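Here the working numbering = 1-based position in the sequence shown + 2.
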Amino acid sequence: MKNIFPLSFPRRPACPVGRRASIKKITRLYTSACVFAVSILLFLPIMALGADDITFTPQVTIPGTSDFANQKEIIVSDSLIGDYISAFFNFAVPGTAILAVVMMMYGGVIWLTSGGSTERISQAKQYISGAISGMVLLLASYLILNTVSPD
3 MKNIFPLSFP RRPACPVGRR ASIKKITRLY TSACVFAVSI LLFLPIMALG ADDITFTPQV
63 TIPGTSDFAN QKEIIVSDSL IGDYISAFFN FAVPGTAILA VVMMMYGGVI WLTSGGSTER
123 ISQAKQYISG AISGMVLLLA SYLILNTVSP D
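And the structure:
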(Lines of atoms letter the chains of each structure in order from A; the text may use other names.)
(Lines give C-alpha, C1' and ligand atoms only; values in the text may rest on other atoms or scores of the structure.)
Protein backbone atom coordinates (compact mmCIF):
# COMPACT_ATOMS: atom_id res chain seq x y z
CA MET A 3 0.00 0.00 0.00
CA LYS A 4 1.36 3.38 -0.97
CA ASN A 5 1.85 5.97 1.78
CA ILE A 6 -0.27 9.01 0.92
CA PHE A 7 1.12 11.18 3.72
CA PRO A 8 4.32 13.09 2.90
CA LEU A 9 5.63 12.56 6.43
CA SER A 10 5.96 9.11 7.87
CA PHE A 11 5.01 8.58 11.48
CA PRO A 12 7.52 6.75 13.70
CA ARG A 13 6.66 3.22 14.76
CA ARG A 14 8.57 3.49 18.04
CA PRO A 15 7.34 5.28 21.18
CA ALA A 16 7.31 9.05 21.11
CA CYS A 17 10.13 9.35 23.61
CA PRO A 18 12.44 6.89 25.32
CA VAL A 19 11.94 6.09 29.00
CA GLY A 20 14.86 8.29 30.08
CA ARG A 21 13.40 11.35 28.37
CA ARG A 22 10.03 10.98 30.09
CA ALA A 23 11.54 12.24 33.33
CA SER A 24 12.87 15.36 31.59
CA ILE A 25 9.45 15.97 30.01
CA LYS A 26 7.87 15.75 33.47
CA LYS A 27 10.42 18.29 34.75
CA ILE A 28 9.63 20.63 31.89
CA THR A 29 5.89 20.22 32.53
CA ARG A 30 6.35 21.02 36.23
CA LEU A 31 8.52 24.02 35.41
CA TYR A 32 5.97 25.31 32.90
CA THR A 33 3.09 24.81 35.33
CA SER A 34 4.93 26.57 38.15
CA ALA A 35 5.84 29.47 35.83
CA CYS A 36 2.18 29.84 34.81
CA VAL A 37 1.02 29.78 38.44
CA PHE A 38 3.66 32.39 39.32
CA ALA A 39 2.61 34.64 36.42
CA VAL A 40 -1.06 34.39 37.34
CA SER A 41 -0.33 35.17 40.99
CA ILE A 42 1.67 38.24 39.98
CA LEU A 43 -1.15 39.40 37.72
CA LEU A 44 -3.65 38.97 40.54
CA PHE A 45 -1.72 41.41 42.74
CA LEU A 46 -1.36 44.12 40.07
CA PRO A 47 -4.82 45.65 40.72
CA ILE A 48 -3.89 46.15 44.39
CA MET A 49 -0.91 48.26 43.33
CA ALA A 50 -3.15 50.23 40.96
CA LEU A 51 -5.41 51.31 43.83
CA GLY A 52 -2.88 53.97 44.79
CA ALA A 53 -3.17 55.69 41.41
CA ASP A 54 -4.83 59.08 41.07
CA ASP A 55 -8.42 59.34 39.91
CA ILE A 56 -8.93 59.73 36.19
CA THR A 57 -10.99 62.71 35.13
CA PHE A 58 -12.69 62.95 31.79
CA THR A 59 -13.67 66.21 30.14
CA PRO A 60 -15.70 65.51 27.01
CA GLN A 61 -14.96 67.75 24.05
CA VAL A 62 -18.26 66.88 22.39
CA THR A 63 -21.49 67.63 24.17
CA ILE A 64 -23.80 64.70 24.69
CA PRO A 65 -27.44 65.75 24.77
CA GLY A 66 -29.20 65.36 28.08
CA THR A 67 -26.02 65.30 30.20
CA SER A 68 -25.84 68.94 31.26
CA ASP A 69 -27.41 68.01 34.60
CA PHE A 70 -24.48 65.75 35.43
CA ALA A 71 -22.06 68.68 35.57
CA ASN A 72 -24.23 70.64 38.00
CA GLN A 73 -24.91 67.50 40.07
CA LYS A 74 -28.62 68.15 40.13
CA GLU A 75 -31.28 65.49 40.13
CA ILE A 76 -31.48 63.74 36.81
CA ILE A 77 -34.94 63.79 35.33
CA VAL A 78 -35.43 61.16 32.69
CA SER A 79 -37.75 62.36 29.97
CA ASP A 80 -39.26 60.72 26.95
CA SER A 81 -37.15 62.78 24.56
CA LEU A 82 -33.80 61.63 25.98
CA ILE A 83 -33.51 58.60 23.70
CA GLY A 84 -34.50 60.76 20.74
CA ASP A 85 -31.77 63.24 21.63
CA TYR A 86 -29.20 60.45 21.73
CA ILE A 87 -30.31 59.06 18.38
CA SER A 88 -30.24 62.55 16.86
CA ALA A 89 -26.75 63.24 18.22
CA PHE A 90 -25.47 59.86 17.02
CA PHE A 91 -26.95 60.47 13.58
CA ASN A 92 -25.42 63.96 13.39
CA PHE A 93 -21.99 62.52 14.24
CA ALA A 94 -22.30 59.36 12.15
CA VAL A 95 -23.38 60.90 8.83
CA PRO A 96 -20.20 62.90 8.17
CA GLY A 97 -18.00 60.04 9.38
CA THR A 98 -19.74 57.56 7.12
CA ALA A 99 -19.55 59.94 4.16
CA ILE A 100 -15.81 60.35 4.69
CA LEU A 101 -15.41 56.57 4.95
CA ALA A 102 -17.33 56.07 1.69
CA VAL A 103 -15.11 58.57 -0.13
CA VAL A 104 -11.99 56.85 1.24
CA MET A 105 -13.31 53.48 0.04
CA MET A 106 -13.93 54.93 -3.44
CA MET A 107 -10.37 56.23 -3.47
CA TYR A 108 -9.09 52.82 -2.33
CA GLY A 109 -11.02 51.14 -5.14
CA GLY A 110 -9.53 53.62 -7.60
CA VAL A 111 -6.01 52.87 -6.39
CA ILE A 112 -6.62 49.13 -6.75
CA TRP A 113 -7.94 49.72 -10.27
CA LEU A 114 -4.93 51.85 -11.22
CA THR A 115 -2.44 49.31 -9.88
CA SER A 116 -4.24 46.26 -11.28
CA GLY A 117 -2.04 46.04 -14.35
CA GLY A 118 -4.88 44.66 -16.45
CA SER A 119 -5.73 41.84 -14.04
CA THR A 120 -9.44 41.14 -14.36
CA GLU A 121 -9.65 39.87 -10.78
CA ARG A 122 -8.24 43.08 -9.34
CA ILE A 123 -10.38 45.24 -11.62
CA SER A 124 -13.53 43.41 -10.51
CA GLN A 125 -12.43 43.77 -6.88
CA ALA A 126 -11.93 47.52 -7.42
CA LYS A 127 -15.36 47.78 -9.06
CA GLN A 128 -16.89 46.05 -6.04
CA TYR A 129 -15.26 48.55 -3.67
CA ILE A 130 -16.38 51.52 -5.74
CA SER A 131 -19.93 50.26 -6.26
CA GLY A 132 -20.25 49.40 -2.57
CA ALA A 133 -19.10 52.87 -1.59
CA ILE A 134 -21.49 54.51 -4.05
CA SER A 135 -24.43 52.42 -2.83
CA GLY A 136 -23.49 53.31 0.74
CA MET A 137 -23.47 57.00 -0.15
CA VAL A 138 -26.89 56.68 -1.82
CA LEU A 139 -28.28 54.88 1.24
CA LEU A 140 -26.75 57.51 3.53
CA LEU A 141 -28.19 60.36 1.48
CA ALA A 142 -31.63 58.72 1.40
CA SER A 143 -31.67 58.19 5.17
CA TYR A 144 -30.53 61.77 5.73
CA LEU A 145 -33.26 63.13 3.45
CA ILE A 146 -35.96 61.03 5.10
CA LEU A 147 -34.96 61.91 8.65
CA ASN A 148 -34.43 65.57 7.81
CA THR A 149 -37.87 65.70 6.18
CA VAL A 150 -39.57 64.06 9.16
CA SER A 151 -37.77 66.06 11.84
CA PRO A 152 -35.27 68.79 10.91
CA ASP A 153 -34.05 68.97 14.51
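Think of the CB as a built atom: it goes at the ideal place given N, C-alpha and C, for glycine as much as any other residue.
Keep in mind that this is a model prediction, so the values were computed, not measured.
Residue i: first and last residue of the uninterrupted alpha helix (DSSP H) it sits in
| i | result |
| --- | --- |
| residue 115 | Counting along the chain, residue 115 falls outside any alpha helix (DSSP H), and DSSP gives it neither H nor E. |
| residue 124 | 120 to 150 |
Same chain, Cβ closer than 6 Å to residue i, five either side skipped, listed in chain order
| i | result |
| --- | --- |
| residue 137 | 102 |
| residue 109 | 126, 129, 130 |
Neighbourhood of residue i by C-beta distance below 7 Å, restricted to the same chain and skipping five residues each side
| i | result |
| --- | --- |
| residue 113 | 123, 126 |
| residue 144 | 95 |
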